[in-house]
Each structure stands twice: as C-alpha cells, then as structure tokens.
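These notes concern the structure reproduced below.
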Amino acid sequence: MSVMRPELIMKSIIPVVMAGIIAIYGLVVAVLIANALSPEITLFKSFLQLGAGLSVGLSGLAAGFAIGIVGDAGVRGTAQQPRLFVGMILILIFAEVLGLYGLIVALILST
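To convert, note that position 103 of the sequence shown is 103 in full-length UniProt numbering; the numbers rise steadily by one, no gaps.
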C-alpha cells in the first residue's frame, strides 16, 4: 500500500513495531530465568520457571497472532478509508495487552 500512497508508510509500520515489542517481553523473561539458574536449583523453582516461560510464550503467541490479523486488515482498510486508523490502533493496543498480561504473570512466577 505504501508504494501507491507513500504518506501511509509510518501508519503502516505501527503493527510491525508492536509485534516486535512482544518479542522483547520474551527476552526479558528469558534473561530473568537465565540469571536465576544455579546447580542447586529445586524442582519447585524449576517448574515455576517453566510456567513463567510458557505463560509469556503462549500469551505472546496469541498476541502476535491477533496483532498480525488486525494489523493486516487495518493497514489495508486505512489505505482505503483513513478514519479506520484510530479503530485499528485501539484494537492493536488491546491485542498488545494480551502479551503484557503474560509478562506480568511470568514476572510474578519468576520472582
């Protein structure tokens, strides 16, 4: 869409940036888990770290899937009707919050 309408380049890149933020959530939890590893780790702590990784991973997967679908439809719709941009941003924010919930649960589990 940006080839035909170059003024939409910055509006079209927003879903890509929001999907990249989801990856940063996983990186933060991975660093926290890696710093907590030690040779004498208990089984309980290991399962907590597994749960933290799974929670941020699965919620990030769901958020990324939602951001991809909404971003694709939103960018195509915004190219035809610019008023759809605000609605796309609101739905993208709600999809991003899904990943943020997983990050919060993972932080609670890993600390």
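Ideal Cβ placement from N, Cα and C applies to all residues, glycine included.
It should be emphasised that the depicted structure is a prediction, and the values quoted were computed from it without experimental measurement.
Between Ala-19 and Gly-74, the C-beta spacing is not below 9 Å. Where Pro-15 is concerned, the enclosing alpha helix (DSSP H) starts and stops at 14-36.
Judged by their CB atoms, Ala-63 and Ile-22 are nearer to each other than the 9 Å cut-off.
Counting only the Cα atoms, Ser-46 lies some 11 Å from Glu-40. Taking each of Val-86, Leu-27 and Leu-37 in turn and checking the Cα distance to Pro-15, the smallest one comes out for Val-86. Nearest C-alpha to Leu-107 among Gly-71, Ala-30, Arg-5 and Met-88: Ala-30.
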